[in-house]
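Residue numbers (this note's numbering), protein chains in the order written: chain A, 4 to 685; chain B, 4 to 685. Cβ coordinates follow ideal geometry from the N, Cα and C atoms, glycine included.
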């Protein structure tokens, strides 16, 4: 049983005051949760295995601050534990270009996940836990327990109300993730007031229903032993994740403690002063850290963690001698590298190959690279036979006791939980060890996970969405299921690829570029219906995100399209040729990647002097960027046979031809006015 | 205790076969759940109060098929109950332009909510139940129980896994909605296989934790008495919603019964034949309805419901005599009309009024119209003091026993549950009685509710999102909270307004148009920071969605902007004038509304021959539709003081001026080439 003494109290007061000083200096931020959770942070961090001297150690314990607005607490802990945050950085809390932004971001030292948007942290932590279990099952050997870290989460009422966490925590319970421990800051306060206003459910009972172990801490404000015991008990529960409901006083010590006002407003000067006095600090000084507190954390966290990390390093060296192949593979993954020449496994097609739905071509890719890339982990939101996301011969990731799979399995059954799945794959990617997770659903329902997708883009998590049934082409399921605005949405989101391959080579290119992109998530939109292999497509060309598929000597018009409409344009071009209108066909499988090419290249694809018409069975809004005229669908879809719907909206060879003729005629006397879309003033 | 006999068995078989015949004829659709749930549908519908002869009766019981893919069942019941669906309509299931699309849509007769996207139905049903409670509390008088209908939901495993339903059901438990009854089709099957793969939580325990009553039906396949008793028991529970876990066999009677394959694939011909034989029908005939079944449903549902509806009509007539004001108000609401001249309450501003944040201006609007529009119901996802969504003097909608409000209250505390809130306000709007719900959150987190927002647009639910903290202008909370792509997303979604008012008159216009739009939802994006009242803005002009704010004789350039950037452009224009560049300022507060204006009007706003530059601190993607050059932010935001961030991204007077000068110079010799964006070939 740990002995806690004066030094612990002093450390906790130091943490509390550093946090509120940062908030007060910024005159912005959230002092309530830091004041309430500082004791738990202190107890937890002094027993976690991590170190500022071993930031990338793959077996470090992971700490996630799901209530990310409490980050003044996190930055204080990181500073005191020797991470690369100076006192000046704390003073720059919430200031432009500082290292201490208003919510924690993934790229910062010691921050395991971007949090702030509620529910994301705890849900992605489920992914961190899954990754650890899988890594352990894949590489651990007798006498070489390389992977055994825990994942700890701080979460508040907000995170637990969010549906995404309900989804992910149900998954965690099913998967029996005993390596996941959540400390729930039960302070009975939310922004609107008391939790009695809207959040009166029995939280622990709900978590029992999910299959979690549930514990309680009655006095999270001051009873360090109680906190410590709960964490130890949680760690001992091997086959259930644990949630510890910890009673705290929000804004502990403040004159406004226990009230909703202390959640998100800096303490007033008088309040701050009385707080410092209360804790035995000089009320006139700020950002004060007694040397003994630095020494204490250095010993308890930094050096202890470094010792563990060094021991681990020796163990891993021995492991590499005894298991050279596995050891090299793990080292490669730790270094964040894909296997040499992996892309040679990607299937290549010629126009004589049969027409195949791109969702099926995606499955072929996954089957082709599955064994080469042990870092691939797949999942689907209960649409496996529709998404075709499960590689042949793969094992399901399941607790062995279920007999449905085991921890080394790389295919997760996520259930009908798109947002939870999105957060989970974010966590798997964030874990490290080069994990490359992908999640499947219908393209339209990627929107259910928009919160998680955005965090992936902001954080640079290299996740892949395998998004099938991409348009009216899905047919009878109808407008509730047919994407219209989805690609426009994600094309406008920074740092995310939105691939819509038109054939097999483009599908291979989509996976190639997506997997090579270490810091950019990807959505790959795939058809339900068969598409022909295109003349002129290659993996190399498609990897530019946009390219000339078929050219003519002097184009009278340029047809640009993505996915299923590329072949439609190819067919239309033949008809147009018979009418003496020569069309260049351009395929733009991914705006993001295309926009990264040189301006000269892009101008060569879409030059001056030729009218450009886009053709895509989605909203037209994103195409004005590249095209003078847009043929799209700015209405909801329809329920019916796919071919009937295509006809209904005019997307036939004849429909494209008619519109191309109109466009050609309209611009005939204006061609000199037509500039490449890439020749701009700004 | 109800006696069930042969006629009931015959009716159930008829329903089952009509459903599978529709699926087989379409060669598409989901036969499993219809076969499994037909008995429950039969028992429930024969005791619900509704009638095809009283389709808009405000006190009808509401039935929601949350597992919307089972709609072959719904259409069969609707046909048999005399709704406007012929046998031919059933034969046209899932065919283009039929009345029987692949998932049920709100505008169809007898369909209470659009479903298909899982989780939406059950969650919006919570809104239907809230609306009923509120209507009852508002209008019922002793001896005049005008409102007392129940809301019944069929839901499957999929809906219960979705986070949105977790959120909404937690709210329903807190609100003690005893008028809500969910029948959960516990068939242990999902698309991937058995629920043992991913959905092993204790569902009833979870619902107990939410505060629901939980019941079970062991034999939903055949024990009609058991089903009936459970429904009766559920109705008796006055202060808790009820979930009834009903054991069924998916695909009951099919050779594939109990397997995941029967979920979403038509029965094979042999299977269909054996099924018909099993049920005592001719295996060679399809779409067979014995006359006695028509007669039975006509008596048990249509005529019985009509009787209740007629009684209600008489009661309401008496009520109108005794309570003329309330009666007239309720009649007005039933007729779907707003009060005459309500818009005269909207505040009007002049440039001498102070600068105010538009979130505050929104609050002023709500306060101004709150009493005039008793149909307004507000809520916030735990951001009430930030969204400023609670009208002065309003009462919270809470169970009276909590002492926090009562059922007549019109402000709901939704908790941190954006998606659940979105579905709930959809349900409130769908209820009828002219309910006009609005939900508040930060604009960035409207994305969490994208699923529900899309259904609102598809269905035409007149909901309003009060979406504050709309940009980098929110400052220190940083990139996790600052919208970039959000407006582009929703601008590309059909049938939804995306207002971003620039001042007080524009805010009033946003509410005016949003509330007048009966079939189009609306997002109103509002600032945290103060904005000046603009010279040239009026409610009337802004109501066009886009207009010339300030003009010049011969514009050298047109600056178009929305919201906070309009005043920035106004200031920049003054500087530009001193450099002899005359700028017209155009404000586009809502693309959707602007696009509905005549093409001549729009050309008058954005004519030929003038370079058009957009200015908006969001993604540029949507502006290429209107502008030649776009000044925006195609990156994530930053954490810092709002003014520092604006400066960082160049959004200062000087920054706008520099870019405007560049644009002006670039197009000086190309003006003759510049066409109005509304002069297109297509």
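- Query: What residues of chain A sit near residue 404 (chain B), judged by a beta carbon separation below 9 Å?
  - Reply: Mapped onto the second chain, residue 404 (chain B) falls at position 401. When 9 Å is used as the limit between beta carbons, residue 404 (chain B) is near no residue of chain A, the shortest such separation being about 12 Å.
- Query: With respect to the alpha helix (DSSP H) encompassing residue 238 (chain A), which residues constitute its N-terminal and C-terminal limits?
  - Reply: Taking the first chain and counting its residues from 1, the one referred to as residue 238 (chain A) is at position 235. Counting along the chain, the alpha helix (DSSP H) containing residue 238 (chain A) begins and ends at 227 to 239.
**Asked** Mind pulling the chain B residues with CB within less than 9 Å of residue 97 (chain A)?
**Response** Locating residue 97 (chain A) in the first chain gives position 94, where the first residue counts as 1. Within 9 Å Cβ-Cβ: 478, 479, 480, 481, 642, 643 and 644.
For residue 419 (chain B) versus residue 423 (chain A), is the C-beta distance shorter than 8 Å?
Residue numbering aside, residue 419 (chain B) sits at position 416 when the second chain is read from its first letter. Residue numbering aside, residue 423 (chain A) sits at position 420 when the first chain is read from its first letter. The criterion of a C-beta distance shorter than 8 Å is not satisfied by residue 419 (chain B) and residue 423 (chain A).
- With distances taken from CA atoms, which of A:39, A:587, A:244 and A:391 is nearest residue 663 (chain A)? As a first step, residue 663 (chain A) must be located in the first chain, where it is residue number 660. Checked all of A:39, A:587, A:244 and A:391; the closest Cα to residue 663 (chain A) is A:587.
Worksheet item: What is the DSSP secondary structure of residue 113 (chain B), reduced to helix, strand or coil?
Response: Your numbering for residue 113 (chain B) matches position 110 in the second chain. Reduced to three states, the DSSP call for residue 113 (chain B) is coil.
Name, going along the chain, the residues of the stretch 119 to 133 of chain A whose beta-carbon falls closer than 7 Å to a beta-carbon of chain B. Of all residues in the stretch 119 to 133 of chain A, 119, 120 and 121 have a Cβ within less than 7 Å of some Cβ in chain B.
For my contact list, residue 357 (chain A) and residue 642 (chain B) are in at a C-beta cut-off of 8 Å; report their separation, rounded to the angstrom. Position 354 of the first chain, counted from the start, is the residue given in the question as residue 357 (chain A). Position 639 of the second chain, counted from the start, is the residue given in the question as residue 642 (chain B). About 52 Å; that fails the 8 Å criterion.
So residue 107 (chain B) and residue 58 (chain B) are supposed to be a Cβ contact under 8 Å. How far apart are they, rounded?
As a position in the second chain, residue 107 (chain B) is number 104, starting the count at 1. As a position in the second chain, residue 58 (chain B) is number 55, starting the count at 1. That belief does not hold up - the Cβ atoms of residue 107 (chain B) and residue 58 (chain B) are roughly 15 Å apart, past 8 Å.
Would you kindly report the start and end of the unbroken beta strand (DSSP E) that includes residue 468 (chain B)? One-based indexing of the second chain puts residue 468 (chain B) at position 465. Per DSSP, residue 468 (chain B) belongs to the beta strand (DSSP E) from 467 to 471.
Pick out whichever of A:65, A:70, A:365 and A:96 has its Cα sitting closest to the Cα of residue 78 (chain A).
Numbered from its first residue, the first chain carries residue 78 (chain A) at position 75. Considering only alpha carbons, the answer is A:96.
N- and C-terminal bounds of the beta strand (DSSP E) containing residue 440 (chain B): Position 437 of the second chain, counted from the start, is the residue given in the question as residue 440 (chain B). Counting along the chain, residue 440 (chain B) sits inside the beta strand (DSSP E) bounded by residues 439 to 445.
Point to revise | C-alpha distance - residue 170 (chain A) paired with residue 134 (chain B), whole-angstrom precision | key: Residue numbering aside, residue 170 (chain A) sits at position 167 when the first chain is read from its first letter. Residue numbering aside, residue 134 (chain B) sits at position 131 when the second chain is read from its first letter. Roughly 27 Å between the two C-alpha positions.
Notebook entry, point to check: Any contact of the stretch 149 to 163 of chain A with the stretch 181 to 189 of chain A, i.e. 3+ C-beta pairs under 8 Å?
Noted result: By the Cβ criterion, the stretch 149 to 163 of chain A is in contact with the stretch 181 to 189 of chain A, since at least three pairs of Cβ atoms, one from each stretch, lie closer than 8 Å.
- Within 8 Å, strictly: CB atoms of residue 259 (chain B) and residue 274 (chain B): As a first step, residue 259 (chain B) is located in the second chain; it is residue number 256 there, counting from the start. As a first step, residue 274 (chain B) is located in the second chain; it is residue number 271 there, counting from the start. Going by C-beta atoms, residue 259 (chain B) is nearer than 8 Å to residue 274 (chain B).
#### Entry: Partner residues on chain B for residue 211 (chain A), Cβ-Cβ distance less than 7 Å
If you number the first chain from 1, residue 211 (chain A) lands on position 208. For residue 211 (chain A), the chain B residues whose Cβ falls inside 7 Å of its Cβ are 208, in order along the chain.
Margin query: With H, G and I counted as helix, E and B as strand and the rest as coil, what does DSSP make of residue 345 (chain B)?
Written below: Mapped onto the second chain, residue 345 (chain B) falls at position 342. If DSSP states are grouped into helix, strand and coil, residue 345 (chain B) belongs with the helices.
Within chain A, the residues that residue 78 (chain B) reaches when beta carbons sit closer than 8 Å: The residue given as residue 78 (chain B) occupies position 75 in the second chain. Against chain A, a Cβ distance below 8 Å from residue 78 (chain B) picks out nothing, because the smallest value is about 12 Å.
Top-ranked residue by Cα proximity to residue 354 (chain A), from A:325, A:231, A:339 and A:534 = Position 351 of the first chain, counted from the start, is the residue given in the question as residue 354 (chain A). It is A:534 whose Cα lies nearest to the Cα of residue 354 (chain A).
query = Candidates B:89, B:56 and B:36: which alpha carbon is nearest residue 301 (chain B)'s?
reply = Within the second chain, numbered from 1, the residue matching residue 301 (chain B) stands at position 298. That would be B:56, whose Cα lies nearest to the Cα of residue 301 (chain B).
Check your understanding: Can you tell me whether DSSP reads residue 80 (chain A) as helix, strand or coil?
Key -> Locating residue 80 (chain A) in the first chain gives position 77, where the first residue counts as 1. Per DSSP, reduced to three states, the secondary structure at residue 80 (chain A) is helical.
Alpha helix (DSSP H) runs wholly inside the stretch 283 to 354 of chain A, at least 4 long, in chain order
Segments of the alpha helix (DSSP H) lying fully in the stretch 283 to 354 of chain A: 294 to 300, 307 to 325 and 327 to 337.
Practice problem: Within its chain, find whatever has a CB closer than 6 Å to the CB of residue 240 (chain A); leave out the 5 residues flanking it on each side and keep chain order. | Solution: As a position in the first chain, residue 240 (chain A) is number 237, starting the count at 1. The residues are 181 and 216.
- Three CB pairs or more closer than 8 Å across the stretch 72 to 88 of chain A and the stretch 13 to 26 of chain A: Yes, the stretch 72 to 88 of chain A is in contact with the stretch 13 to 26 of chain A.
- Query: Three-state secondary structure (DSSP) at residue 500 (chain A)?
  - Reply: Residue numbering aside, residue 500 (chain A) sits at position 497 when the first chain is read from its first letter. Residue state for residue 500 (chain A) is assigned as strand, using DSSP reduced to three classes.
Excluding the five sequence neighbours on either side, which residues of its own chain have a C-beta within less than 7 Å of the C-beta of residue 143 (chain A), listed in chain order? Walking along the first chain from the start, residue 143 (chain A) turns up at place 140. Result list for residue 143 (chain A): 149 and 150, in chain order.
Counting Cβ pairs, one atom from each stretch, are 3 or more of them under 8 Å apart for the stretch 344 to 353 of chain A and the stretch 491 to 509 of chain A? Taking 8 Å as the limit for Cβ pairs, the verdict is that the stretch 491 to 509 of chain A does touch the stretch 344 to 353 of chain A.
Just mark residue 70 (chain B) as buried or exposed, buried being the case when its beta carbon has 16 or more other beta carbons within 10 Å. Indexing the second chain from 1 puts residue 70 (chain B) at position 67. Buried, because 16 or more other Cβ atoms sit within 10 Å of the Cβ of residue 70 (chain B).
Give a yes or no on whether 8 Å exceeds the smallest Cβ distance from residue 665 (chain A) to chain B. Against the first chain, residue 665 (chain A) aligns to sequence position 662. The C-beta of residue 665 (chain A) comes closer than 8 Å to at least one C-beta of chain B.
Review point. Of all the CB atoms in chain C, is at least one closer than 8 Å to the CB of residue 572 (chain A)?
Key: Among the chains of the structure shown, chain C does not appear; the protein chains present are A and B.
Next item on the list: Measure the Cβ-Cβ separation of residue 190 (chain A) and residue 246 (chain A) and say whether it is below 8 Å.
Entry: Translated into positions along the first chain, residue 190 (chain A) becomes position 187. Translated into positions along the first chain, residue 246 (chain A) becomes position 243. Judged by their CB atoms, residue 190 (chain A) and residue 246 (chain A) are not nearer to each other than the 8 Å cut-off.
- Task: Counting only runs of 3+ residues fully inside the stretch 618 to 668 of chain B, write out the beta strand (DSSP E) ranges in chain order.
- Result: Residue ranges of uninterrupted beta strand (DSSP E) with 3 or more members, entirely inside the stretch 618 to 668 of chain B and ordered along the chain, are 632 to 634.
Quick check: the Cα distance between residue 46 (chain B) and residue 8 (chain B), rounded to an integer number of angstroms? Numbered from its first residue, the second chain carries residue 46 (chain B) at position 43. Numbered from its first residue, the second chain carries residue 8 (chain B) at position 5. Going from the Cα of residue 46 (chain B) to the Cα of residue 8 (chain B) covers about 12 Å.
ask   = Can you find a CB in chain A that lies within less than 8 Å of the CB of residue 417 (chain B)?
value = Within the second chain, residue 417 (chain B) is the residue found at index 414, counting from 1. Judged by the 8 Å Cβ criterion, residue 417 (chain B) is in contact with chain A.
Say whether chain B places a C-beta atom closer than 8 Å to the C-beta of residue 244 (chain A).
On the first chain, position 241 is the one that residue 244 (chain A) refers to. Not a single CB atom of chain B sits nearer than 8 Å to the CB of residue 244 (chain A).
- Item | chain B contacts from the stretch 370 to 390 of chain A (Cβ-Cβ distance under 8 Å) | So the close ones are 383, 385, 386, 387, 388 and 389.
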